[in-house]
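Chemist: Note that UniProt numbering numbers the sequence shown so that position 116 is 116, with each residue one more than the last.
Got a structure here, written out as structure tokens. Questions coming.
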Amino acid sequence: MATLMDLLLIIILAFTAGYWAHSRWWGSVAAVLVSLGGGVLRDVWLGLPLWVLEHPQYLILAALTGFLASGVRFPADTRWVGMLLLVLDFGASVAFGVSAGERTFALTRNPDATALGSVLTASGGGFLAALIGRYLLSRANDRGGANEL
């Protein structure tokens, strides 16, 4: 079961991903990938059951947060909003990395695996969102196939 801190981190990452998305559909998808994707990659790497499949309410929370955030717009002269979202995104990623490091070390007792588990969890979701977003968005706008993987 997720702690209150986990829920807050999921909401922060889902909101920032959804806010920067260009559509409501992509806001929901990016929010799920960014907020939960790193943990999924870590669990697959460690051979653990997927936590998000055991608790699908967190998938719904992330998707709904991203969907709602994709409709939020602040006035153009509020530069501090972008900086605040960047800092919140960074802080949430670091917190998930630390949490993942503790979990990985408890399971493996290996410092190298702990470092990899931390990095994979902290940055894996953003990597997945960037990779899939780049591929899907470039395919939708590239009828000639120049941006194929």
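The beta-carbon is built from N, C-alpha and C at its ideal position, and this holds for glycine as well.
On a predicted model such as this, the values are computed, not experimentally measured, just so you know.
Under 7 Å Cβ to Cβ from residue 85, same chain only, skipping five residues before and after it: list those, please.
Modeler: So the list reads 16, 19, once near-sequence residues are dropped.
Chemist: With DSSP as the reference, label residue 111 as helix, strand or coil.
Modeler: Helix, per DSSP.
Chemist: Below 6 Å CB to CB, which residues in the same chain sit around residue 12 once its five sequence neighbours on both sides are set aside?
Modeler: So the qualifying residues of the chain are 88, 92.
Chemist: When you compare only the Cα positions, how much space is there between residue 111 and residue 37?
Modeler: Straight-line Cα distance between these residues: approximately 22 Å.
Chemist: With H, G and I counted as helix, E and B as strand and the rest as coil, what does DSSP make of residue 150?
Modeler: Past the edges of the chain, shown from 1 to 149, lies residue 150, and the structure says nothing about it.
Chemist: Looking at the unbroken alpha helix (DSSP H) that takes in residue 67, where does it start and where does it end?
Modeler: Element bounds for residue 67: 57-69.
Chemist: Evaluate contact between the stretch 121-138 and the stretch 94-111, counting only Cβ atoms and requiring at least three cross-stretch pairs below 8 Å.
Modeler: Contact between the stretch 121-138 and the stretch 94-111 is present, because at least three Cβ pairs lie under 8 Å.
Chemist: Relative to the alpha-carbon of residue 5, which residue among 96, 51, 21 has its alpha-carbon at the smallest distance?
Modeler: Nearest C-alpha to residue 5: 96.
Chemist: Please list the segments of the alpha helix (DSSP H) lying wholly inside the stretch 70-108, counting only runs of 4 or more residues, in order along the chain.
Modeler: The qualifying runs are 79-108.
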